[in-house]
Amino acid sequence: MGLKVYNTLHGKKEVFVPLVEGKVGMYVCGPTVYDTSHIGHARSVVVFDTIFRWLTELKYDVRYVRNFTDVDDKIIKKSNETGVDCTAITEKYIDEFHNEMDALNVLRPSVEPKATDHIRHIIEFIQMLIDKGKAYHVEGGDVYFSIDSFKEYGKLSGRNIEDMKAGARIAVDENKKNPFDFVLWKPAKPGEPFWESPWGKGRPGWHIECSAMSYEYLGQGFDIHGGGKDLIFPHHENEIAQSEAAFGTQFVKYWIHNGFVDINNEKMSKSLGNFTMIKEVLASYSAEVIRMFLLSKHYRSPIDYSEDSMREISLGLDRIYAFLERLEKAGCKVDASRKGDLWNDFEMAMNDDFNSAKAMASVFEAVKKGNKILDDAKDTPDEDRLDVLNLFYNDIKDISNIFGIFLVDPHTYFKLKKDKGVADMAIDPAEIEDLIQQRTDARKNKDFSRSDEIRDLLQAKKIILEDGPDGTTWRFE
RNA sequence: GGCGGCUUGGCCAAGUGGUAAGGCGACGGCCUGCAAAGCCGUUAUUCUCCAGUUCAAAUCUGGAAGCCGCCUCCA
């Protein structure tokens with residue numbers, strides 16, 4: 000079964016057929032770099048990173064473009080408030096964005112264009128629209144896109160201009176031919192960054208950069224355009240208007256939009272003061288837990304961030320690593336040449352509109368099945384069983400490359416977790432080992448009240464003891 | 001006001017018209033000196049409500065209620 004993708008343009012799942020066989024052009028709207036990135040940015044980036052990985056897994060040659068908006072009113076505002084130069088601001092936040100996305104194990108796109116590096120292309124694009132009568136310059140002022148020149152305006156978001164006029168909340172600008180015309184180029188006020196253009200010193204409006212840069216890197220029409228749901232209107236609607244008005248051909252075949260991250264069931268907003276930044280989340284949880292959380296729900300649904308949900312995900316991740324460790328101890332080895340049932344389930348789920356939640360469930364099912372086999376075999380499987388376990392092991396390893404999680408070797412994973420606990424709790428591991436030894440001696444002498452006393456003592460420090468065939472090990476709760 | 005979405009067990013969450021995945025939690029059992037971990041079993045005769053189509057509906061249609069998003073910068 001091939002890949003199916005939910006296309007916002009038609010409001011339904013469609014079989015994915017790229018414009019050019021074997022190749023995919025994908026453009027995703029990146030951040031406006033004027034502030035620290037929040038967990039919502041992380042969702043969008045991780046979702047499209049996973050889509051990028053999956054398309055690559057399906058053997059498509061993917062050209063993945065994600066832009067930085069580095070000229071914008073908000074950047075200028077911040078510059079005016081802080082006295083810091085615009086370029087210094089954008090460079091700072093681009094660096095920060097890269098660092099955080101690297102930490103989240105996000106692959107770099109094929110190209111990461113910045114709007115300010117493409118001003119010439121933007122100006123050419125605007126000129127083309129003016130030449131075709133799709134845009135107009137108000138003397139001494141802005142260049143606007145003329146909504147009335149593009150009959151299909153509203154097709155992505157399911158709006159029509161007449162309905163919108165009825166509930167008009169938008170300020171009427173006397174210079175505009177139609178109140179819904181939007182800015183392509185705006186003149187610079189004194190002290191603002193500007194570029195020379197046929198319409199005087201100024202800078203581009205927001206929407207035009209994506210039309211210009213996607214044209215530059217992907218051509219007149221391409222396969223996938225993505226971003227957060229909030230971008231459907233007006234941003235993506237306007238991109239369609241600009242690009243299709245310019246070229247007269249379909250701009251994007253498949254539109255993909257991810258849902259929001261809520262915080263404790265509330266939308267993130269400045270007024271609620273609940274913006275949760277990626278760096279805060281990274282301080283509390285590992286990158287793997289964050290990725291796993293972001294992939295634990297279907298990308299189009301809202302997802303709720305809370306301490307409870309993160310703790311749950313974290314326990315699930317422990318369980319998968321514990322299984323991997325158990326497999327390795329039983330003698331499982333990497334053999335990339337083979338795929339098992341788990342992979343089939345995973346593939347079906349991912350091909351069904353990138354259903355990572357369902358795909359994740361198939362991993363847990365495999366963990367359950369594999370653990371049972373190991374139980375039955377008392378952790379020393381015969382060849383037939385080892386063969387089955389090896390398939391689980393290899394499938395999970397393959398899945399880890401798509402999800403960008405379970406990539407660490409299990410031993411290291413638990414060691415890191417332990418080290419972090421030791422550091423956080425300010426505990427001396429030697430002391431614990433000593434107590435464990437004392438307890439082992441007590442148990443040998445059947446002094447169970449003493450051994451239980453030691454265990455309780457450690458448990459009070461959130462340390463759990465596990466007695467196994469090879470002696471006692473410990474971990475943090 | 002316009003447009004779109006959501007409502008599945010204690011919580012989180014998949015679900016393609018064919019008879020309810022998965023995770024967390026809880027309870028019982030196996031294992032253990034006792035635990036922990038792991039495994040097994042039990043936790044939704046039912047999918048917000050009402051009506052309809054159908055041999056068959058959580059899935060389709062119509063209606064009601066509740067919640068949410070976009071329409072203004074926003075992933």
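Numbering (numbering that gives the first Met the number 0), first residue to last: 0 to 476.
All C-beta atoms in this analysis are idealised placements derived from N, C-alpha and C, irrespective of residue type, glycine included.
Can you tell which of Pro30, Leu341, Asp451 and Tyr143 has its C-alpha closest to the C-alpha of Val366?
It is Leu341 whose Cα lies nearest to the Cα of Val366.
Using only CA atoms, which one of Lys73, Gly39, Lys3 and Thr81 lies nearest to Leu57?
The residue from Lys73, Gly39, Lys3 and Thr81 with its alpha-carbon nearest to that of Leu57 is Lys3.
- prompt: Can you name, in chain order, every residue of its own chain whose Cβ lies under 7 Å from the Cβ of Ile207, other than the five neighbours on each side?
  reply: Only Ile121, Phe124, Ile125, Leu183 and Gln241 meet the Cβ criterion.
* **For Val137 and Gly220, the rounded distance between their alpha carbons** => Near 30 Å, if we compare the C-alpha coordinates of Val137 and Gly220.
Open item on the list: As a quick exercise: from Lys91, Ile395 and Tyr216, pick the residue whose alpha carbon is nearest that of Thr35.
Closed with: Considering only Lys91, Ile395 and Tyr216, the residue with the shortest C-alpha distance to Thr35 is Lys91.
query: Which two residues bound the contiguous alpha helix (DSSP H) that contains Tyr320?
result: Per DSSP, Tyr320 belongs to the alpha helix (DSSP H) from Glu306 to Lys328.
Requested in this report: Just confirm the distance between the C-beta atoms of Ile404 and Glu287, as a whole number of angstroms; I'd bet it's less than 8 Å.
Outcome: Rounded, the Cβ-Cβ distance is 5 Å, consistent with contact.
ask   = In whole angstroms, what separates the C-alpha of Glu173 from that of Asp141?
value = The straight-line gap from Cα to Cα measures roughly 12 Å.
Report task. Under 8 Å by Cβ, that's how I've got Phe47 and Leu106 pegged, so tell me the actual separation to the nearest angstrom. Result -> Their Cβ separation, rounded to whole angstroms, is 10 Å, which puts Phe47 and Leu106 out of contact at 8 Å.
Is it true that the CB of Phe402 sits closer than 8 Å to the CB of Leu316?
No, they are not a contact pair.
> According to DSSP, what are the bridge partners of Asp466?
Replying inline: Under DSSP, the beta-bridge partners assigned to Asp466 are Thr471.
When DSSP labels each residue in this structure, what does Tyr26 get in the three-state scheme?
DSSP places Tyr26 within a strand segment (E or B) once states are collapsed to three.
What beta strand (DSSP E) runs, 3 residues minimum, are completely inside the segment 209-294?
The segment 209-294 contains these whole beta strand (DSSP E) runs: 221-227, 251-257 and 260-262.
Since Asn487 is in the beta strand (DSSP E), which residue starts that stretch and which ends it? The requested residue 487 does not occur in the structure, where the chain is confined to residues 0 to 476.
Worksheet item: Buried or exposed: where does Ile463 fall if 16 or more other Cβ atoms within 10 Å of its Cβ makes it buried?
Response: Label assigned to Ile463: exposed.
Sheet register partners of Ile302 (DSSP bridge): Bridge partners of Ile302: Val260.
(request) Using three-state DSSP, classify Tyr33 as helix, strand or coil. (result) Tyr33 falls in the coil class under three-state DSSP.
- Closest by C-alpha distance to Glu236, when choosing among Gln436, Lys278, Ala425 and Phe181: Checking every option, the nearest Cα to that of Glu236 belongs to Phe181.
Is DSSP giving Ala360 helix, strand or coil here?
It is helical.
Rounded to a whole number of angstroms, what is the C-alpha to C-alpha distance between His37 and Lys228? The straight-line gap separating the alpha-carbon atoms of His37 and Lys228 is approximately 16 Å.
Proximal residues to Glu68 (C-beta, below 6 Å), its chain only, five neighbours per side dropped: According to the sequence provided, residue 68 is Thr. The question's Glu does not apply to it. Same-chain partners within the cutoff: Thr31 and Ala114.
Query raised in the report: How do the segment 414-429 and the segment 467-475 stand: do at least 3 beta-carbon pairs fall below 8 Å, yes or no?
Result: Output reads yes: the segment 467-475 touches the segment 414-429.
Legend entry - Beta-bridge pairing of His136 - partner residues as DSSP gives them: In the DSSP output, where bridge partners are listed per residue, His136 has Val142.
Quiz item: alpha helix (DSSP H) containing Asp397: first to last residue?
Solution: Run containing Asp397: Glu382 to Phe402, per the alpha helix (DSSP H) assignment.
Using a 10 Å radius around the Cβ and a threshold of 16 neighbouring Cβ atoms, would you call Leu230 buried or exposed? When all chains shown are included, Leu230 counts as buried.
How big is the Cα-Cα spacing for Glu279 and Arg42? Glu279 and Arg42: Cα-Cα distance of roughly 15 Å.
Endpoints, alpha helix (DSSP H) assigned at Asp60
Premise fails: Asp60 lies in the beta strand (DSSP E), Asp60 to Arg65, not in any alpha helix (DSSP H).
Taking three-plus beta-carbon pairs below 8 Å as touching, is the segment 406-417 in contact with the segment 359-377?
-> Judged by Cβ distances under 8 Å, the segment 406-417 makes no contact with the segment 359-377, as fewer than three pairs qualify.
So, with DSSP's three-state summary, where would you put Pro108? Coil.
Find the nearest neighbour of Ala102 within the set Leu281, Asp72 and Asp446, judged by alpha-carbon distance. Out of Leu281, Asp72 and Asp446, Leu281 has the C-alpha closest to the C-alpha of Ala102.
* On the DSSP bridge assignment, give the partners of Phe181 in chain order. => Per DSSP, Phe144.
*Where Arg326 falls, given that 16 or more other Cβ within 10 Å makes a residue buried*: Reading off the sequence shown, one finds Leu at residue 326, where the question assumed Arg. Leu326 should be labelled buried.
**Asked** In this structure, does DSSP put Lys461 in helix, strand or coil?
**Response** Annotated three-state conformation of Lys461 is coil, per DSSP.
Over the uninterrupted alpha helix (DSSP H) stretch that includes Arg52, give me the two end residues. Element bounds for Arg52: Ile38 to Glu56.
* Asked: Quick one: complete alpha helix (DSSP H) runs, 4+ long, within the segment 80-131?
  -> Runs of the alpha helix (DSSP H) inside the segment 80-131: 85-102 and 118-130.
### Query
If you draw a straight line from the alpha carbon of Ile312 to that of Arg454, how long is it in whole angstroms?
Roughly 27 Å between the two C-alpha positions.
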